[in-house]
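*Asks:* Structure below; questions to follow.
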Amino acid sequence: MFRIGRRQVISKPKRKRFKYIYGPVSSWRLGRSLGIDPISSNKKTCTFNCIYCQVGRATKFSKRRKIYVKTEKIIDEIKSLPHLKIDYITFSGRGEPTLAKNLGALIKAIKKLRKEKIAVLTNSSLMNRQDVRNELALADFVVAKIDAPSDRLFNLIDKPMRDIKFGSIIEGIKKFRRIYAGRLGLQIMFIDLNKKITIEWASIIEEIKPDEVQINTPTRPNKTAPLSKKEIVNIKNQFLKISSFRGNLVLVYDSCRKAVSPISTKHALKKRGRGIERL
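In UniProt numbering, the protein residues as written are 1 to 279.
Here is the structure:
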């Protein structure tokens, strides 16, 4: 508070700028989701270079796990959060979150401080590693990505590092399912290249036995055109015809979004490829 002549002016406290936390965003699969970016690099660091990625091209390929942001720095931001109405605290952001070697430590620490459920969105590339599976198992909800039913399509769509193989990813997810007591979702990003539902798709999903399958298409701005709502519904119907899976099928166009009030700047959301209405 300070005086201008006889008039008192109350200065507003500065809004805290969060470096590693963003949102909340209104998510079609997670409700009100507060994001944590455990990579938080100016360069997109990933194991894939997906043709539809809203964050842009991977400028740093890596499959080496390391601590990108110290655990205490992220926890300090968690402790300084204002009152928020959120459904999930979600690990995602500018790169593959399982590259963060302290992912498990972060999940444990946050669970001691917050009551909300914790989700991790992963491209599944490191799930063949036992340490990654053990850390993911600490989360309440893991969304593992599979964009292709074959090695050929996997290489065309996800453009992985050379030594990352489609078969090892599928085996890694199967092993994770066997130890995981939480909620497992499989996300499939459908584009024109992979929109034909085949027996191979059905077999993979039936073998993994997820709790839900998320049928997605790239609705955020990028060079790859999204499929229409009619095409997405047709994919669902094709899948139901050939598959014995009777878990939850979630469609990106069918969801009802919740209102949110973000604490992070538009720049922070854009940097991580997030709009207020997209996750």
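Every residue, glycine too, gets a C-beta built ideally from N, C-alpha and C.
(1) Using the three-state DSSP reduction, which class does Arg17 fall into: helix, strand or coil?
(2) Leaving aside the five residues before and after Tyr180 along the sequence, list all residues of the same chain whose C-beta is less than 6 Å from its C-beta, in chain order.
(3) With a cut-off of 8 Å on the beta carbons, I'd call Tyr68 and Ala100 a contact; round off their distance for me.
(4) Could you give the residue range of the alpha helix (DSSP H) that holds Asn234?
(5) With a threshold of 7 Å on Cβ separation, who are the neighbours of Tyr20 within its own chain once the five nearest residues in sequence on each side are excluded?
(6) What first and last residue would you give for the alpha helix (DSSP H) that runs through residue 280?
(7) Around the Cβ of Pro218, are there at least 16 other Cβ atoms within 10 angstroms (buried) or fewer (exposed)?
(8) CA-CA distance, Ile205 and Asp254?
(9) What whole-angstrom Cβ distance do Arg177 and Lys145 have, given they're in contact under 8 Å?
(10) Which residue from Leu251, Ala148 and Ala202 puts its Cα closest to that of Phe239?
(11) Span of the beta strand (DSSP E) holding Leu251?
(12) Assuming Ile118 contacts Phe190 (C-beta within less than 8 Å), just tell me the rounded distance between them.
(13) Excluding the five sequence neighbours on either side, which residues of its own chain have a C-beta within less than 8 Å of the C-beta of Ile232, listed in chain order?
(14) Can you give the Cα-Cα distance for Ser261 and Leu84, rounded to whole angstroms?
(15) In this structure, what does DSSP give as the bridge partners for Thr198?
(16) Quick one: what's Lys183 bridged to in DSSP?
(17) Using the Cα positions of Glu116 and Ile164, report the straight-line distance between them to the nearest angstrom.
(18) Is the Cβ-Cβ distance between Asn155 and Glu212 less than 8 Å?
(19) Have a look at the DSSP bridge pairing and note the partners of Ile164.
(20) Since Ile169 and Ser124 should fall inside the 8 Å C-beta cutoff, what is the C-beta to C-beta distance between them, to a whole number of angstroms?
(21) Label Asp147 either buried or exposed according to how many other C-beta atoms from any shown protein chain fall within 10 Å of its C-beta, with 16 as the threshold for buried.
(22) What first and last residue would you give for the alpha helix (DSSP H) that runs through residue 280?
*Replies:* Per the coordinate set shown:
(1) coil
(2) Ala137
(3) 6 Å
(4) Lys229 to Ile242
(5) Ile36, Asp37, Ser40, Val69, Lys73, Ile74 and Glu77
(6) Examination of residue 280 is not possible in this model, given that the chain is present from 1 through 279 alone.
(7) buried
(8) 21 Å
(9) Going by Cβ atoms, the distance from Arg177 to Lys145 rounds to 15 Å, so no, they are not a contact pair.
(10) Ala202
(11) Asn248 to Leu251
(12) The Cβ separation is near 27 Å, so there is no contact.
(13) Phe190, Ile215, Thr217, Leu251, Val252 and Tyr253
(14) 9 Å
(15) Paired residues: none, contrary to the question.
(16) Residue identity check: residue 183 is Arg in the sequence provided, not Lys. Arg183 pairs with Phe141.
(17) 33 Å
(18) no
(19) DSSP, once it has assigned bridges, lists no residue as partnering Ile164.
(20) 5 Å
(21) buried
(22) With the chain covering 1 to 279 only, the question about residue 280 has no answer from this structure.
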